[in-house]
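**Student:**
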Amino acid sequence: MGSPEEQAEALREFELDPREEPETKKDEPTEEVVLDPEEPGRTVKIGARLNERVKTKLITLLRDYRDVFTWSHEDMPEIDTKVISHYLSINSEFRPAVQKRRLFNPERSTAIKKEVEKLLSAGSIREVKYPEWVANVVLVKKKKNQWRMCVDFTDLNKACPKDSFPLPRIDQLVDATAGHGLLSFMDAYSGYNQIRMNKIDEEKTAFTTEHGLGGTWRFMLMTC
Numbered sequence: 048m049g050s051p052e053e054q055a056e057a058l059r060e061f062e063l064d065p066r067e068e069p070e071t072k073k074d075e076p077t078e079e080v081v082l083d084p085e086e087p088g089r090t091v092k093i094g095a096r097l098n099e100r101v102k103t104k105l106i107t108l109l110r111d112y113r114d115v116f117t118w119s120h121e122d123m124p125e126i127d128t129k130v131i132s133h134y135l136s137i138n139s140e141f142r143p144a145v146q147k148r149r150l151f152n153p154e155r156s157t158a159i160k161k162e163v164e165k166l167l168s169a170g171s172i173r174e175v176k177y178p179e180w181v182a183n184v185v186l187v188k189k190k191k192n193q194w195r196m197c198v199d200f201t202d203l204n205k206a207c208p209k210d211s212f213p214l215p216r217i218d219q220l221v222d223a224t225a226g227h228g229l230l231s232f233m234d235a236y237s238g239y240n241q242i243r244m245n246k247i248d249e250e251k252t253a254f255t256t257e258h259g260l261g262g263t264w265r266f267m268l269m270t271c
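Numbering-wise (our numbering), the sequence shown opens with residue 48 and increments by one.
What follows is the structure, encoded as structure tokens:
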């Protein structure tokens, strides 16, 4: 059976809980590919262990369709409201909720200011006065010590009916890949706001920060 130390090591090796994944595990190696020689800064990463035939075909495909990639919020056009728009089905029995503005340390405050400026420049938000619904922002630490700004829509979610169409089960998605030689996926490292809010519901998405004249903003476009 081995020593107690060897047995403990074997147990750690076969640990099934993904939350206890060893920190020493390394990501799949990747290599950077330039899509357009005239824009050397616009690159994508592909798996470095692909065989040469697949790698060549994949690079050709990516370069042929490089016009579908965007590199900033400004490059992403919004979807026509004739196609789709966001509506909120709020239960009239719920009273509007205004959350008290939270205070953040200088590091987080700077990250919030940058995100607000980015959303403003892209036309995704606008300033709002006298909103009935107001939520706070929440910062989540990402990899490489970056911050992701989210909005605490807890009160708004409570006033809306639950979605009767749950997300697919992960095991079903995994089973669907059976029998295929390759699994292709894209990592959308940044959420882009594309779908416009219905004007009636815009002000219900208001969130507050310490930046700007009033510091309260509402979404015109939401992430799809």
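Heads up, the beta-carbon is just placed ideally off N, CA and C, and yes, glycines get one too. Only a predicted model underlies this, so the values are computations on that prediction, with no experimental measurement involved.
If we count Cβ pairs, one from each stretch, closer than 8 Å, do we get three or more for the region 171-188 versus the region 243-257?
**Tutor:** Yes, since at least three Cβ pairs between the region 171-188 and the region 243-257 fall closer than 8 Å, the two stretches touch.
**Student:** By Cβ distance below 7 Å, which residues in the same chain neighbour residue 162 in space, the five residues on each side in sequence not counted?
**Tutor:** Closer than 7 Å at Cβ, skipping near neighbours: 196.
**Student:** Give me the Cβ distance between residue 263 and residue 174, rounded to the nearest whole Å; I'm assuming they're in contact under 8 Å.
**Tutor:** That belief holds up - the Cβ atoms of residue 263 and residue 174 are roughly 7 Å apart, short of 8 Å.
**Student:** Can the beta-carbon of residue 158 be found closer than 8 Å to that of residue 194?
**Tutor:** It is a contact, given that the beta carbons lie within the stated cut-off.
**Student:** Counting along the chain, where does the beta strand (DSSP E) carrying residue 92 start and finish?
**Tutor:** Counting along the chain, the beta strand (DSSP E) containing residue 92 begins and ends at 86-94.
**Student:** Among 113, 88, 142 and 219, which residue has its Cα nearest to the Cα of residue 205?
**Tutor:** Answer by Cα proximity: 142.
**Student:** Pull the bridge partners of residue 268 from the DSSP assignment, please.
**Tutor:** Partner(s): 243.
**Student:** Can you tell which of 97, 99, 108 and 191 has the C-alpha that lies nearest to the C-alpha of residue 81?
**Tutor:** Closest by alpha carbon: 108.
**Student:** With a threshold of 16 other CB atoms inside 10 Å of the CB of residue 171, please say whether the residue is buried or exposed.
**Tutor:** Per the 10 Å Cβ criterion, buried.
**Student:** Check each candidate in 212, 190, 145 and 243 and name the one with the smallest Cα separation from residue 320.
**Tutor:** The chain is shown from 48 up to 271; residue 320 falls before or after that span and cannot be answered.
**Student:** Just the Cα atoms here: how many angstroms apart are residue 224 and residue 215?
**Tutor:** The alpha-carbon atoms of residue 224 and residue 215 are separated by roughly 14 Å.
**Student:** So, is residue 212 buried or exposed, given that buried needs 16 or more other C-beta atoms within 10 angstroms?
**Tutor:** Result: exposed.
**Student:** What did DSSP end up calling residue 31 once you bin it into helix, strand or coil?
**Tutor:** No answer is possible for residue 31: the residues shown for the chain start at 48 and end at 271.
**Student:** Report all residues from its chain with a CB closer than 7 Å to the CB of residue 71; omit the five preceding and five following residues, and keep chain order.
**Tutor:** Bear in mind that a pLDDT of 46 at residue 71, under 50, signals an unreliable position, so the number given afterwards is only what the model happens to contain. Result list for residue 71: empty, nothing under 7 Å.
**Student:** For the beta strand (DSSP E) containing residue 173, list its first residue and its last residue.
**Tutor:** Taken as a continuous stretch (DSSP letters only), the beta strand (DSSP E) holding residue 173 covers 172-174.
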